[in-house]
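J.:
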Amino acid sequence: APAFTPDAPNNTKAIVTRTKMKIEFQEDKDIITITTPKNNQVIFNDEEGSIKLADSNSNTITMSSSGIEIKSASAVTIKAATELNMSATSGGSCKVSGGDLSMEALNVSCNGQVTFKAQGAASAQLTASGEVKVQGAMVMIN
Numbered sequence: 041a042p043a044f045t046p047d048a049p050n051n052t053k054a055i056v057t058r059t060k061m062k063i064e065f066q067e068d069k070d071i072i073t074i075t076t077p078k079n080n081q082v083i084f085n086d087e088e089g090s091i092k093l094a095d096s097n098s099n100t101i102t103m104s105s106s107g108i109e110i111k112s113a114s115a116v117t118i119k120a121a122t123e124l125n126m127s128a129t130s131g132g133s134c135k136v137s138g139g140d141l142s143m144e145a146l147n148v149s150c151n152g153q154v155t156f157k158a159q160g161a162a163s164a165q166l167t168a169s170g171e172v173k174v175q176g177a178m179v180m181i182n
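Sequence positions in the sequence shown follow the numbering used here and run 41 to 182.
1) DSSP on residue 103, reduced to helix/strand/coil?
2) Within the segment 96-146, note down every full beta strand (DSSP E) run reaching 3 residues or more, in order along the chain.
3) Any idea what DSSP makes of residue 181, helix, strand or coil?
4) With respect to the beta strand (DSSP E) encompassing residue 92, which residues constitute its N-terminal and C-terminal limits?
5) If I measure Cβ to Cβ from residue 118 and keep anything under 8 Å in the same chain, skipping five residues before and after, which residues do I get?
6) Verify whether the separation of the beta carbon atoms of residue 74 and residue 66 is less than 8 Å.
7) My understanding is that residue 69 touches residue 83, with C-beta atoms under 8 Å, so please give their C-beta distance in whole angstroms.
8) Measuring alpha carbon to alpha carbon, tell me which residue in 115, 43, 104, 129 is nearest residue 136.
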């Protein structure tokens, strides 16, 4: 039996192997989809100007004119053998809606070009096993 039922305009064409590996061409939409038997996919979509990688675990990487979006059904881990650098020209954020967020290194430096603000909704704590310095043109406590 054929993998697809042909239609009158014949816009969908495919190469399907006996193990159900598939390359599908949708000529009316300028889309090429490569699919494995376990539903891992690469979708090249010229109509939307995007490339999407998707696996059978609901993880996706989408590249489009909007940027690059990485979605995971579980954890995302990025590892580098030497350095990890991130930069943007117009802003950024890091938000964790449940649980904790931690940073750890030999030395941690945070710099606000105009203002630096750290705030705890219920409490805040600044501790060191050594010296603690608070300095500025004017230091106000309370």
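Glycine included, each C-beta is placed from N, C-alpha and C at the ideal position. This one's a predicted model, so the numbers in the text were calculated from it and none came from an experiment.
T.: On the basis of the coordinates in this document:
1) strand
2) 100-104, 107-111
3) coil
4) 90-94
5) 124
6) no
7) Their Cβ separation, rounded to whole angstroms, is 11 Å, which puts residue 69 and residue 83 out of contact at 8 Å.
8) 115
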